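K.L.:
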């Protein structure tokens, strides 16, 4: 069993930055891939970034060069550093963990990019 708790969302002006955090509780050694997804109103949930157990990283084309996913194993935490934010980045952001057999989601944190 894995529990995910996100934090760090909020309101930011275009061009600003935010850092999202996802603390992982439970059987962390079962996790193969951690990721961040987002869902904007009226749109499907989409992958933003992911990092594997072996530190392979993948980004959506729309965030490459602006967002950075990282993890701190000592703190059981995965981060999403978001720079040069745009209004189209506005969405609910969700932390995700995949064990190979099970998929776990956090409760989500809202990010709003607006002037």
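Numbering (my numbering), first residue to last: 5 to 119. Where is the CB? At the ideal position from N, CA and C, for every residue including glycine. Remember, predicted model here, so these are calculated numbers, not experimental data.
Would you decide whether residue 50 is buried or exposed? Buried here means 16 or more other CB atoms lie within 10 Å of its CB.
P.N.:
Result: exposed.
K.L.:
Is it true that the CB of residue 83 sits closer than 7 Å to the CB of residue 25?
P.N.:
In this structure, residue 83 lies closer than 7 Å to residue 25 by Cβ.
K.L.:
Looking at the ligand HEM, does it come within less than 6 Å of residue 21, judged from the CB to the closest heavy atom?
P.N.:
As presented, the structure is devoid of all ligands, the ligand HEM included, so that no description of it is given.
K.L.:
Taking 7 Å as the threshold (C-beta atoms), are residue 16 and residue 22 in contact?
P.N.:
Cβ distance < 7 Å, so residue 22 and residue 16 count as in contact.
K.L.:
Determine the direct distance from the alpha carbon of residue 36 to that of residue 5, and round the result to whole angstroms.
P.N.:
Rounded to the nearest angstrom, the two C-alpha atoms are 14 Å apart.
K.L.:
Using DSSP with H/G/I as helix, E/B as strand and the rest coil, what is residue 78?
P.N.:
Helix, per DSSP.
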